[in-house]
Structure formats: C-alpha cells, structure tokens
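**Q**
Protein chains: 2
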Amino acid sequence: MAKRTPRGSVTREAVMDAALAVADRDGYEAVTIRALAAEVGVPPMTLYTHFADKAALREGMRERAFEQVVTATAEGSWQEALEEFAGNCRAVLRAHPNWVPLLAAQTGAPSAATLRLFERVFDKMIADGLPPAQTVYAVTAVLSFASGCMLFEGLMVGAGTAPLPTARLDLVRRLHSPDQHPGVAAATAAVDDFSFDAVFELGVRSLVEGIEKLRGS
Amino acid sequence: MAKRTPRGSVTREAVMDAALAVADRDGYEAVTIRALAAEVGVPPMTLYTHFADKAALREGMRERAFEQVVTATAEGSWQEALEEFAGNCRAVLRAHPNWVPLLAAQTGAPSAATLRLFERVFDKMIADGLPPAQTVYAVTAVLSFASGCMLFEGLMVGAGTAPLPTARLDLVRRLHSPDQHPGVAAATAAVDDFSFDAVFELGVRSLVEGIEKLRGS
DNA sequence: ACCTGAACACCGTTCAAGT
DNA sequence: ACCTGAACACCGTTCAAGT
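Chains as they are written, first to last, in the working numbering: chain A, 9 to 225; chain B, 9 to 225.
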C-alpha cells in the first residue's frame with residue numbers, strides 16, 4: 009500500500025505537514041499539487057510518489073491533522089476522556105480554521121493513534137458497565153457533534169476569521185425583517201454574549217449524560 | 009443584491025435546482041460551470057447573471073437545499089419541532105448524499121424559509137419558559153449535531169453509497185491488529201446492528217434533554 | 001446596455017522521454 | 001527501474017467583441 013520513500017527525499021509525513029502548512033497560511037483551496045511541490049521543494053510530479061491522487065492527499069492531511077487531536081491522557085473517567093477528546097478537536101480546529109474542510113474528506117482506515125484513543129475510551133466505558141455495543145454509538149455521537157460544531161462555527165464566523173462577538177452581530181444583522189420575525193429578533197437580542205464555546209460545552213455535556221443513561225439498560 | 013432575471017431565461021431558483029440535480033446524478037465535484045450550463049441549456053458565461061462566482065453558486069445550492077428541510081409543521085412542542093427539524097435534515101441528506109459537501113460551504117444570510125422555521129421554534133421555546141438567549145444555543149447545538157452526524161455518516165459509508173451493515177463490517181475490517189486493540193475489537197464485535205439512525209436519535213434526544221434543563225436556570 | 005464567445009491563467013493527471 | 005518534463009484535457013474567470 010504505502011510507497012517506499014524515494015532515497016534522500018522527503019517523507020510522506022513531511023509532505024502532509026507541508027500541505028497542512030500551506031492550508032494554514034494560504035487557505036484550504038490553495039493546497040494545489042503545484043503549490044505543495046513548491047513548498048516541499050520538489051518537482052510537482054514527484055509528489056505522486058507519496059499519494060495516488062488528490063483525494064488521497066486530502067485523506068493523508070486529515071489523518072495527520074487528527075493525530076494532533078489524539079494527545080489524550082490515560083487518566084480519568086470515560087466521561088472526562090470523551091470531553092477531553094471533543095475539547096482537543098475543538099482546540100486543534102480553532103487553531104487551524106483552514107483545516108475545517110478536511111472534515112468533509114473521505115475517510116480511510118483509522119491510524120494507529122486514532123485506534124489507541126478509541127481503545128482507551130472503550131476500555132473505560134466497558135469497565136464502567138456500559139454495554140460494549142453502546143460504546144461505539146457514544147464515540148460516534150460525540151465525534152459527530154464535535155465535527156458538526158466546528159463546521160457550523162466555521163460557517164458562521166467565516167472559518168475563524170472574525171471574532172465571536174462579530175459573529176453574533178452578523179447573525180442579528182442578517183435578519184431581513186425583525187418585524188416579521190419577532191421571536192427570532194427577541195432571542196438574538198437577548199444573547200449579548202453568544203459563544204460557540206458554550207454551545208460546544210452544552211452539547212458535549214448533554215451527550216455524555218445521555219450516554220450515561222445507557223448503563224442501566 | 010439579486011440580479012434581475014434576464015428576459016425569457018431561466019430563474020435563479022431553476023439554476024440552483026439544476027445544480028443540485030447535477031450533484032445528485034454525477035456527484036458534487038461534477039458541478040462545474042460548464043456542466044451546469046449544459047444542464048440548464050445556456051452558454052456558460054450566461055450563468056454569471058445568477059451568481060457572482062462559484063462560491064456564491066454553492067451558497068445558493070445550499071440555501072435551496074435547506075429549503076427542502078424547512079417543511080416543519082406548526083403543531084407540537086418545541087421538543088418535537090427540534091426533533092422534526094433534525095429528522096428532516098437527515099431525510100434530505102440521506103436522499104441526496106451528494107449534497108453533503110454543501111454543509112461545508114460558506115454561509116450567507118438565512119433565507120426567509122429558514123427564518124420562518126427558527127421563528128416557530130423560538131416562539132415555542134420561549135412560551136415554554138426557556139430563557140430567550142438559550143433558544144439560540146439550543147438550535148445551534150441541534151443543527152450542529154445534525155450536520156456533523158450526516159458528515160460523519162457520509163464519511164464512513166462513502167456518502168451513502170454502501171448499505172449500513174457494510175459500513176460496520178468495514179469498520180471492523182479496518183482495525184489493523186485486533187490483538188493490539190482488544191477493547192475496540194470487543195466493542196465493534198458486540199455491535200451486530202450498528203445504525204447511524206440510532207446514533208442520530210440518541211444524540212438528538214440527549215441534546216433536547218440537555219436543553220430542557222435550562223428551563224429552570 | 002446587456003449578453004456571451006474567445007482567450008487567459010490556472011488546475012490534476014497521463015505518459016513517454018529521460019536517467 | 002525509477003523519476004519527472006512536457007503535454008493534455010479540463011477548470012473558473014476576464015474582457016472585449018458582439019448585439
């Protein structure tokens with residue numbers, strides 16, 4: 009599967025890191041084969057030694073970025089592990105808003121780092137009495153929520169370019185006619201400190217509590 | 009803002025519907041200006057009468073697709089309204105898996121249809137005693153989860169091309185070495201009827217319950 | 001004034017020429 | 001055998017020529 013590294017040349021990891029760096033600096037769309045080749049310092053066609061096509065490049069970028077999420081400690085309850093996991097997703101994507109589109113990339117086999125994280129969480133949940141099957145549901149739900157949250161936040165604040173207060177103001181301003189939508193106007197007017205952090209925490213906490221209830225079933 | 013429709017030509021809505029049809033039939037990537045022009049039956053450059061650039065086209069597609077979600081009834085509690093809303097998101101995206109990448113498109117002003125939905129949900133939540141500010145958090149959380157769920161499902165089953173049991177089997181097969189990850193292996197082996205529907209329902213229910221708790225605060 | 005054909009500056013990828 | 005330059009078939013968009 010994995011092509012061997014051409015002698016004396018860059019590694020696959022270095023290529024993926026360079027691609028992530030280009031996305032960080034110039035935007036997700038700027039990651040072209042030619043631009044990446046310039047970044048790495050090799051002729052464009054040489055890059056195909058490290059991936060089959062552009063979809064494979066994106067998948068490699070996504071997996072490489074995900075490895076930064078999997079820095080969880082081995083301590084604590086599964087509840088804490090799940091919250092830390094979600095929090096790491098958020099931290100990484102807030103630090104690198106241009107990586108958000110990678111969430112929509114096709115997936116391949118999970119990396120060893122990913123499996124190590126799942127292993128730890130699954131073990132804790134089973135030890136706590138959760139039905140083994142439900143652990144998969146739990147992790148899927150939390151990961152989905154975290155992904156959707158980041159996607160939605162990027163959508164509303166323009167991929168992290170605007171500060172959060174601006175996002176709220178924009179939301180209010182976008183209301184075409186407050187007269188026709190008094191409920192929306194009242195709700196948005198009452199939010200004077202809207203924060204995606206709060207939405208994120210509310211969601212993760214609610215999901216964890218919902219999962220906890222599965223213990224008795 | 010909106011360019012006026014050229015006389016005797018197609019409307020903006022028709023262009024967006026045609027774009028959604030192309031995505032449905034040939035895939036999201038196949039929606040090029042030239043392919044869309046052929047679908048509509050006009051010269052490529054004529055399309056720029058209806059949108060400024062490709063990003064605006066994608067935004068128009070997303071908004072148009074979202075209008076299919078906003079078919080909620082006016083009856084029932086806000087809990088039911090939120091669940092119906094999330095369910096509609098799921099139904100539309102499962103019927104049109106090639107539209108999933110639209111979730112990552114930049115957003116513009118919400119359409120009148122979107123506001124009408126929010127209006128209804130906000131009104132119900134406020135009438136039920138929820139703090140007005142929290143209603144925004146609630147809707148954001150549910151919408152984020154629904155989006156993330158569809159994104160994640162599309163990621164795992166290849167944008168709806170594979171049936172769900174296959175998705176589970178793939179998940180298990182992707183485990184590099186079951187020996188090294190007994191917890192993961194046990195958890196996935198115990199899941200003999202993994203269903204994204206169940207994850208979706210678990211998540212939506214948990215989020216709604218988490219929001220309900222805000223009533224007293 | 002509005003519409004749109006031709007042209008431009010890209011893009012991902014093929015393939016055969018180089019080594 | 002492996003690497004990669006040139007070439008191909010696209011792409012979104014500009015712009016000036018048409019009406």
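From the three backbone atoms N, C-alpha and C, an ideal C-beta is built for every residue, glycine too.
Values in this document were obtained by computation on a predicted structure and should not be read as measured data.
(1) Taking the CB atoms as reference points, tell me whether residue 218 (chain B) and residue 214 (chain A) lie closer together than 9 Å.
(2) Check whether the Cβ of residue 74 (chain A) lies closer than 9 Å to any Cβ atom in chain B.
(3) If I measure Cβ to Cβ from residue 59 (chain B) and keep anything under 7 Å in the same chain, skipping five residues before and after, which residues do I get?
(4) Give the residues of chain B in contact with residue 211 (chain A), contact being defined as C-beta atoms less than 8 Å apart.
(5) Can you look up residue 76 (chain A) in the DSSP assignment and give me helix, strand or coil?
(6) Can you give the Cα-Cα distance for residue 28 (chain B) and residue 57 (chain B), rounded to whole angstroms?
(7) Is DSSP giving residue 147 (chain A) helix, strand or coil here?
(8) By the three-class DSSP mapping on this structure, what secondary structure does residue 61 (chain A) have?
(9) If you measure beta-carbon to beta-carbon, which residues of the region 21–53 of chain B are closer than 9 Å to chain A?
(10) For a contact meaning CB atoms closer than 7 Å, what does residue 189 (chain B) contact in chain A?
(11) Along the chain, where does the alpha helix (DSSP H) containing residue 99 (chain B) start, and where does it finish?
(12) Does residue 68 (chain A) get closer than 9 Å to chain B when you measure Cβ to Cβ?
(13) Find out if the Cβ-Cβ distance for the pair residue 23 (chain A), residue 48 (chain A) is shorter than 9 Å.
(14) Taking all protein chains shown into account, do 16 or more other C-beta atoms lie within 10 angstroms of the C-beta of residue 189 (chain B), making it buried, or fewer, making it exposed?
(15) With burial defined as no fewer than 16 other Cβ atoms inside 10 Å of the residue's Cβ, what is the status of residue 61 (chain A): buried or exposed?
(16) Between B:54, B:208, B:149, B:35, which lies nearest to residue 42 (chain B) when the distance is taken from Cα to Cα?
(17) Relative to the C-alpha of residue 141 (chain A), which candidate in B:197, B:107, B:46, B:125 has its C-alpha closest?
(18) Taking the alpha-carbon of residue 204 (chain B) as reference, which of A:191, A:150, A:161, A:212 has the nearest alpha-carbon?
(19) Are the C-beta atoms of residue 170 (chain A) and some chain B residue less than 9 Å apart?
(20) Just the C-alpha distance for residue 46 (chain B) and residue 148 (chain B), rounded to the nearest angstrom, thanks.
(21) Distance, Cα to Cα, residue 88 (chain B) vs residue 97 (chain B)?
(22) Kindly list the residues whose CB is nearer than 7 Å to the CB of residue 222 (chain B), restricted to its own chain and excluding five residues on each side of it in sequence; keep chain order.
(23) If you drop the 5 nearest sequence neighbours on each side, which residues of the same chain put their C-beta closer than 7 Å to that of residue 103 (chain A)?
(24) Taking Cβ-Cβ distances shorter than 8 Å, what residues in chain B pair up with residue 207 (chain A)?
(25) Could you give the residue range of the alpha helix (DSSP H) that holds residue 109 (chain A)?
(26) Residue 152 (chain A) by DSSP, collapsed to three states: which one?
(27) Is residue 191 (chain B) near residue 220 (chain A), with beta carbons less than 9 Å apart?
(28) Under the rule that 16 or more other beta-carbon atoms within 10 Å means buried, what is residue 162 (chain A), buried or exposed?
(29) For residue 157 (chain A) versus residue 85 (chain B), is the C-beta spacing smaller than 9 Å?
(30) Looking at C-alpha atoms only, which residue of B:34, B:124, B:146 is the closest neighbour of residue 105 (chain B)?
(31) Give the straight-line distance between the Cα atoms of residue 70 (chain B) and residue 121 (chain B), rounded to the nearest whole angstrom.
(32) Suppose the cutoff is 8 Å on Cβ atoms and the five residues either side in sequence are ignored; what does the same chain contact list for residue 21 (chain A) look like?
(33) Can you pull the chain A neighbours of residue 131 (chain B), defined as C-beta to C-beta under 7 Å?
(34) Looking at the structure shown, is residue 202 (chain A) part of a helix, part of a strand, or coil, going by DSSP?
(35) Is residue 144 (chain A) buried or exposed, if buried means 16 or more other CB atoms sit within 10 Å of its CB?
**A** Let's see:
(1) For the purposes of this step, residue 218 (chain B) is taken as the residue at position 210 of the second sequence. For the purposes of this step, residue 214 (chain A) is taken as the residue at position 206 of the first sequence. At a Cβ-Cβ threshold of 9 Å, residue 218 (chain B) and residue 214 (chain A) count as neighbours.
(2) Sequence index remark: in the first sequence, residue 74 (chain A) carries index 66 (1-based). Closer than 9 Å: no.
(3) Taking the first residue of the second sequence as position 1, residue 59 (chain B) is located at position 51. Within the same chain, residue 59 (chain B) has close Cβ partners 65, 68.
(4) For the purposes of this step, residue 211 (chain A) is taken as residue 203 along the first sequence, with counting starting at 1. Residues of chain B passing the Cβ test: 149, 152, 153, 215, 218.
(5) Against the first sequence, residue 76 (chain A) aligns to sequence position 68. Coil, per DSSP.
(6) On the second sequence, position 20 is the one that residue 28 (chain B) refers to. On the second sequence, position 49 is the one that residue 57 (chain B) refers to. The C-alpha of residue 57 (chain B) is placed about 18 Å away from the C-alpha of residue 28 (chain B).
(7) Translated into positions along the first sequence, residue 147 (chain A) becomes position 139. Three-state DSSP puts residue 147 (chain A) in a helix.
(8) Taking the first residue of the first sequence as 1, we reach residue 61 (chain A) at position 53. The answer is coil: DSSP assigns residue 61 (chain A) none of H, G, I, E or B.
(9) Result list empty, no residue passes.
(10) Here residue 189 (chain B) is taken as the residue at index 181 of the second sequence, counted from 1. Chain order gives the chain A residues near residue 189 (chain B) as 123, 127, where near means a beta carbon separation below 7 Å.
(11) Position 91 of the second sequence, counted from the first residue, corresponds to residue 99 (chain B). Segment 86–103, the alpha helix (DSSP H) holding residue 99 (chain B).
(12) The residue labelled residue 68 (chain A) in the question sits at position 60 within the first sequence. No, its Cβ sits nowhere closer than 9 Å to a Cβ of chain B.
(13) For the purposes of this step, residue 23 (chain A) is taken as residue 15 along the first sequence, with counting starting at 1. For the purposes of this step, residue 48 (chain A) is taken as residue 40 along the first sequence, with counting starting at 1. Contact: yes.
(14) Locating residue 189 (chain B) in the second sequence gives position 181, where the first residue counts as 1. With 16 or more other Cβ atoms from the protein chains shown falling within 10 Å of its own Cβ, residue 189 (chain B) counts as buried.
(15) Residue numbering aside, residue 61 (chain A) sits at position 53 when the first sequence is read from its first letter. Result: exposed.
(16) The residue you call residue 42 (chain B) lines up with position 34 of the second sequence. Out of B:54, B:208, B:149, B:35, B:54 has the C-alpha closest to the C-alpha of residue 42 (chain B).
(17) The residue given as residue 141 (chain A) occupies position 133 in the first sequence. Comparing Cα-Cα distances from residue 141 (chain A) to each of B:197, B:107, B:46, B:125, the minimum goes to B:197.
(18) As a first step, residue 204 (chain B) is located in the second sequence; it is residue number 196 there, counting from the start. For residue 204 (chain B), the nearest C-alpha among the options comes from A:150.
(19) Reading the first sequence from its first residue, position 162 is the one you call residue 170 (chain A). Residue placement at residue 170 (chain A) is poorly supported in this model, since its pLDDT is 49, which falls under 50; the coordinates still yield a value, given next. It does not: the Cβ of residue 170 (chain A) has no partner Cβ on chain B nearer than 9 Å.
(20) Taking the second sequence and counting its residues from 1, the one referred to as residue 46 (chain B) is at position 38. Taking the second sequence and counting its residues from 1, the one referred to as residue 148 (chain B) is at position 140. Taking the Cα positions, residue 46 (chain B) is about 38 Å away from residue 148 (chain B).
(21) The residue given as residue 88 (chain B) occupies position 80 in the second sequence. The residue given as residue 97 (chain B) occupies position 89 in the second sequence. So the alpha carbons of these two residues sit roughly 14 Å apart.
(22) Counted from its first residue, the second sequence places residue 222 (chain B) at position 214. Contacts found: 138, 139, 142.
(23) Here residue 103 (chain A) refers to the residue found at position 95 when the first sequence is read from its first residue. Nothing listed; no residue qualifies.
(24) Numbered from 1 along the first sequence, position 199 holds the residue referred to as residue 207 (chain A). Listed along the chain, the chain B residues whose CB falls inside 8 Å of the CB of residue 207 (chain A) are 145, 148, 149, 152.
(25) As a first step, residue 109 (chain A) is located in the first sequence; it is residue number 101 there, counting from the start. Neither: residue 109 (chain A) is in no alpha helix (DSSP H) and is coded neither H nor E.
(26) Counting from one through the first sequence, the residue named residue 152 (chain A) turns up at place 144. DSSP places residue 152 (chain A) in helix when its eight states are reduced to three.
(27) Position 183 of the second sequence holds residue 191 (chain B). Position 212 of the first sequence holds residue 220 (chain A). Result no, Cβ atoms of residue 191 (chain B) and residue 220 (chain A) do not sit closer than 9 Å.
(28) For this step, residue 162 (chain A) is matched to residue 154 along the first sequence. Around the C-beta of residue 162 (chain A), 16 or more other C-beta atoms lie within 10 Å, and the residue is accordingly described as buried.
(29) Reading the first sequence from its first residue, position 149 is the one you call residue 157 (chain A). Reading the second sequence from its first residue, position 77 is the one you call residue 85 (chain B). Between residue 157 (chain A) and residue 85 (chain B), the C-beta spacing is not below 9 Å.
(30) Along the second sequence, read from residue 1 onward, the residue named residue 105 (chain B) stands at position 97. If you compare the alpha carbons of B:34, B:124, B:146 with that of residue 105 (chain B), the shortest gap goes to B:34.
(31) Counted from its first residue, the second sequence places residue 70 (chain B) at position 62. Counted from its first residue, the second sequence places residue 121 (chain B) at position 113. In a straight line, the C-alpha of residue 70 (chain B) is about 13 Å away from that of residue 121 (chain B).
(32) As a first step, residue 21 (chain A) must be located in the first sequence, where it is residue number 13. Cβ contact annotation for residue 21 (chain A) (same chain, cutoff 8 Å, sequence separation greater than five): 72, in chain order.
(33) Here residue 131 (chain B) is taken as the residue at index 123 of the second sequence, counted from 1. Neighbours of residue 131 (chain B) on chain A, chain order: 191.
(34) As a working note, residue 202 (chain A) is residue 194 in the first sequence. Coil at residue 202 (chain A), not helix or strand.
(35) For the purposes of this step, residue 144 (chain A) is taken as the residue at position 136 of the first sequence. The C-beta of residue 144 (chain A) has 16 or more other C-beta atoms within 10 Å across all chains shown, which makes the residue buried.
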